[in-house]
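Asker:
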Amino acid sequence: MAAATLQTLLDQQALQALITAYAYAIDERDWDRLDAIFTSDAHIDYTAMGGIAGAYPEIRKWLPLALARFPGYMHLMGNCQFEISGDEASGKIACFNPMVLPMPDGGTDTMFLGLWYLDRYRRTAQGWRICERVERKSYAYNVPAALRL
Numbered sequence: 001m002a003a004a005t006l007q008t009l010l011d012q013q014a015l016q017a018l019i020t021a022y023a024y025a026i027d028e029r030d031w032d033r034l035d036a037i038f039t040s041d042a043h044i045d046y047t048a049m050g051g052i053a054g055a056y057p058e059i060r061k062w063l064p065l066a067l068a069r070f071p072g073y074m075h076l077m078g079n080c081q082f083e084i085s086g087d088e089a090s091g092k093i094a095c096f097n098p099m100v101l102p103m104p105d106g107g108t109d110t111m112f113l114g115l116w117y118l119d120r121y122r123r124t125a126q127g128w129r130i131c132e133r134v135e136r137k138s139y140a141y142n143v144p145a146a147l148r149l
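In full-length UniProt numbering, the protein residues as written are 1 to 149.
1) How long is the line joining the alpha carbons of residue 111 and residue 2, rounded to whole angstroms?
2) Distance, Cα to Cα, residue 18 vs residue 69?
3) When the Cα of residue 49 is compared with those of 119, 129, 130, 97, which residue comes out closest?
4) Counting along the chain, where does the beta strand (DSSP E) carrying residue 135 start and finish?
5) Among 137, 119, 145, which has the Cα closest to the Cα of residue 43?
6) Near residue 138, which residues of its chain fall below 6 Å by C-beta distance, leaving aside the five closest residues on each side in sequence?
7) Could you tell me whether the Cβ atoms of residue 121 and residue 89 are closer together than 8 Å?
8) Name the residue from 27, 39, 123, 85 whose alpha carbon lies nearest to the alpha carbon of residue 66.
9) Below 8 Å on the Cβ atoms is my guess for residue 87 versus residue 123; work out the distance and round it to an integer in Å.
10) Pull up the distance between the alpha-carbon of residue 41 and that of residue 146, whole angstroms please.
11) Contact defined as beta carbons within less than 8 Å: I believe residue 99 pairs with residue 73. What is the distance between those atoms, to the nearest angstrom?
12) What are the residues that DSSP puts in a beta bridge with residue 7?
13) Who are the Cβ neighbours of residue 141 in its own chain at under 6 Å, not counting the five residues just before and after it?
14) Considering just the uninterrupted stretch of the alpha helix (DSSP H) at residue 69, what are its terminal residues?
15) In whole angstroms, what separates the C-alpha of residue 82 from that of residue 51?
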């Protein structure tokens, strides 16, 4: 196997692991773990699904507050496409995101979100990191009027 092909496979595996680490960090509310996923100067745009856009430090502070109202959620990532060029890469990641909502009667309901993450990555001394993430909406199902996207 050519060295370039082997390096591409290793990079793709590392990027896939980074995407998985992001999903678990968010779903387990392990906000500190995000520091090993994003570059400190990353730009993140969650506006397509009702969030905010900004620099990583701002988003890092906002995430726990924005997600506190949801007792449970899961980011199921798949259909990952990566384009790698040296120490930079781009990616398109599909995400299926069910989110549990508390209801006024004390029960819960679940909304279902489908989206893509359009990412740019940078290889750092610590490995691959996300340096830009933009959400693109596919669908939103069973979203309460107060949260309409």
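Note that beta-carbon positions come from the ideal geometry of N, C-alpha and C, so glycine has one too.
Answerer: Reading it off the structure:
1) Cα to Cα, the separation comes out at about 46 Å.
2) When rounded, the distance between both Cα atoms is 26 Å.
3) Among 119, 129, 130, 97, the Cα nearest to that of residue 49 is on 97.
4) Start and end: 127-141.
5) Of the listed residues, the one whose Cα sits closest to residue 43 is 119.
6) Excluding sequence neighbours, residue 138 sits near 114, 115.
7) Taking 8 Å as the Cβ cut-off, residue 121 and residue 89 qualify as a contacting pair.
8) Among 27, 39, 123, 85, the Cα nearest to that of residue 66 belongs to 27.
9) Taking the Cβ atoms as the reference, residue 87 lies roughly 4 Å from residue 123, within the contact range of under 8 Å.
10) Pairing residue 41 with residue 146, the inter-Cα distance amounts to about 32 Å.
11) Indeed they touch by this definition, with Cβ atoms about 4 Å apart.
12) Assignment of beta-bridge partners to residue 7 by DSSP yields no partner.
13) Answer for residue 141: 112, listed in chain order.
14) No alpha helix (DSSP H) holds residue 69; DSSP gives it neither H nor E.
15) Rounded to whole angstroms, residue 82 to residue 51 spans 25 Å at the Cα level.
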